[in-house]
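A.B. asks: If you scroll down you'll find the structure; I have some questions about it.
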Amino acid sequence: MDVKHIAKQTTKTLMSYLTYQAVRTVIGQLAETDPPRSLWLHQFTSQESVQDGERYLEALFREQPDLGFRILTVREHLAEMVADYLPEMLRAGIQQANLQQRCQQLERMTQVSEANVESSNPETPE
Numbered sequence: 045m046d047v048k049h050i051a052k053q054t055t056k057t058l059m060s061y062l063t064y065q066a067v068r069t070v071i072g073q074l075a076e077t078d079p080p081r082s083l084w085l086h087q088f089t090s091q092e093s094v095q096d097g098e099r100y101l102e103a104l105f106r107e108q109p110d111l112g113f114r115i116l117t118v119r120e121h122l123a124e125m126v127a128d129y130l131p132e133m134l135r136a137g138i139q140q141a142n143l144q145q146r147c148q149q150l151e152r153m154t155q156v157s158e159a160n161v162e163s164s165n166p167e168t169p170e
């Protein structure tokens, strides 16, 4: 297991997600202050996948550099706000989700075992 590679891929995914959140934030801000630009950015985003945040930003900078810089600023701000909470929330979230998955699996295994016992030992009416 290459932990460093996993960390890099996780960081890349998180950066793209924060780019997506920054785009949503900017579209919302523009909807209040400049509806035509909000519509333009919304349409641009529907044509250019924000799944790869860096590629999306490169395309946006070719079209509207000022919006690109605005999204960079919002993304950086979001990263600063989230960074303090993320490690603890991630650990707690994974532990809770794992516990729920284990409980559900144990319930399924128990139900299957009970069903097998009942089907192999049918009660005979007296």
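Following the working numbering, the numbering of the sequence shown begins with 45 at its first residue and continues without gaps.
Glycine residues also receive a C-beta, built at the ideal position from the N, C-alpha and C atoms.
Could you check whether Val70 and Leu85 sit closer than 9 Å to each other, using their CB atoms as the reference points?
C.D. replies: Numbered from its first residue, the sequence shown carries residue 85 at position 41. Numbered from its first residue, the sequence shown carries residue 70 at position 26. Yes; because the gap between Cβ atoms is below 9 Å, this pair is in contact.
A.B. asks: Kindly confirm or deny that the region 65-81 and the region 113-126 touch, where touching means at least three C-beta pairs closer than 8 Å.
C.D. replies: As far as the Cβ criterion goes, the region 65-81 touches the region 113-126, which means the pair count is three or higher.
A.B. asks: Can Glu92 and Leu104 be called in contact, C-beta distance under 9 Å?
C.D. replies: As a working note, residue 92 is residue 48 in the sequence shown. As a working note, residue 104 is residue 60 in the sequence shown. Taking 9 Å as the Cβ cut-off, Glu92 and Leu104 qualify as a contacting pair.
A.B. asks: Just how far apart, CA to CA, sit Leu134 and Val126?
C.D. replies: Position 90 of the sequence shown holds residue 134. Position 82 of the sequence shown holds residue 126. Near 11 Å, if we compare the C-alpha coordinates of Val126 and Leu134.
A.B. asks: By the DSSP assignment, the alpha helix (DSSP H) with Ser90 in it spans what residues?
C.D. replies: Stepping through the sequence shown from its first residue, residue 90 is reached at position 46. Its alpha helix (DSSP H) spans residues Pro79 to Gln91.
A.B. asks: Are Thr63 and Val94 touching if we call contact CB-CB under 9 Å?
C.D. replies: Within the sequence shown, residue 63 is the residue found at index 19, counting from 1. Within the sequence shown, residue 94 is the residue found at index 50, counting from 1. A contact, by the Cβ cut-off of 9 Å.
A.B. asks: Can you tell me whether Gly97 is buried or exposed? The criterion is at least 16 other CB atoms within 10 Å of its CB, across all chains shown.
C.D. replies: Along the sequence shown, read from residue 1 onward, the residue named residue 97 stands at position 53. That one is buried.
A.B. asks: From Ser90 to Arg152, what does the alpha carbon distance come to, in whole angstroms?
C.D. replies: Your numbering for residue 90 matches position 46 in the sequence shown. Your numbering for residue 152 matches position 108 in the sequence shown. Cα to Cα, the separation comes out at about 41 Å.
A.B. asks: Using 10 angstroms around the beta-carbon of Arg114, count the other beta-carbons present and answer buried if the total reaches 16, otherwise exposed.
C.D. replies: Within the sequence shown, residue 114 is the residue found at index 70, counting from 1. Label assigned to Arg114: buried.
A.B. asks: Where does Leu130 land, buried or exposed, given buried means 16+ other C-beta within 10 angstroms?
C.D. replies: For the purposes of this step, residue 130 is identified with residue 86 of the sequence shown, where counting begins at 1. So Leu130 ends up on the exposed side.
A.B. asks: To which residues of the same chain is Leu74 closer than 7 Å at the C-beta, ignoring the five residues directly before and after it?
C.D. replies: Within the sequence shown, numbered from 1, the residue matching residue 74 stands at position 30. Answer for Leu74: Arg81, Ser82 and Leu85, listed in chain order.
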